[in-house]
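What follows is one structure encoded as structure tokens, with my remarks underneath.
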Amino acid sequence: MAEPSDQAVKYYTLEEIQKHNHSKSTWLILHHKVYDVTKFLEEHPGGEEVLREQAGGDATENFEDVGHSTDARELSKTYIIGELHPDDRPKITKPTETLITTIDSNSSCFDEQKPSPEK
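So the sequence shown is numbered by UniProt numbering: it starts at 1 and just counts up by one.
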């Protein structure tokens with residue numbers, strides 16, 4: 001018996017997905033999987049607009065921020081039509097970890113520029 005291979009997976013480019021950003025064809029990306037949620041728009045508990053705002057792009061962060069139930073996650077699987085092409089995955093990765101910095105609240109980046117106290 002043959003094992004399933006990656007050839008069975010339908011890949012979509014980011015450019016293809018971005019074309020499906022309207023109410024007649026609403027696609028979005030969650031964890032590199034492509035979903036056609038067109039038929040789910042009117043049923044979405046959070047409203048149609050929430051999905052339409054994410055249409056044609058990566059909705060992973062917003063999906064996770066909402067904290068969807070296990071049932072919602074299972075239901076979402078029924079709308080998977082393929083995966084984001086591996087070559088396009090870096091285009092949607094947000095480098096948030098490289099943008100976050102911490103500063104000791106007891107110090108200032110301007111400490112060296114402060115005039116010395118007069119005596």
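We put the CB at the ideal spot given by N, CA and C, even for glycine.
Let me confirm a value: residue i is counted as buried when at least 16 other C-beta atoms fall within 10 Å, else exposed. Which label applies?
| i | result |
| --- | --- |
| ALA59 | buried |
| LEU75 | exposed |
| HIS20 | buried |
| ILE80 | exposed |
Leaving out the 5 sequence neighbours to the left and right, which residues in its chain are closer than 6 Å to residue i when beta-carbon positions are compared?
| i | result |
| --- | --- |
| LYS10 | GLY82 |
Excluding five sequence neighbours on each side, which residues of the same chain lie with their C-beta closer than 7 Å to the C-beta of residue i?
| i | result |
| --- | --- |
| SER25 | THR38 |
Taking only three categories from DSSP, how would you classify residue i?
| i | result |
| --- | --- |
| ILE17 | helix |
| THR26 | strand |
From residue i to residue j, what does the alpha carbon distance come to, in whole angstroms?
| i | j | result |
| --- | --- | --- |
| GLU49 | ARG89 | 25 Å |
| GLY87 | GLU43 | Looking at the sequence shown, residue 87 is not Gly but Asp. Rounded to the nearest angstrom, the two C-alpha atoms are 33 Å apart. |
| ASN62 | TYR35 | 15 Å |
Does the count of Cβ pairs from the segment 48-67 and the segment 26-34 closer than 8 Å reach three? yes
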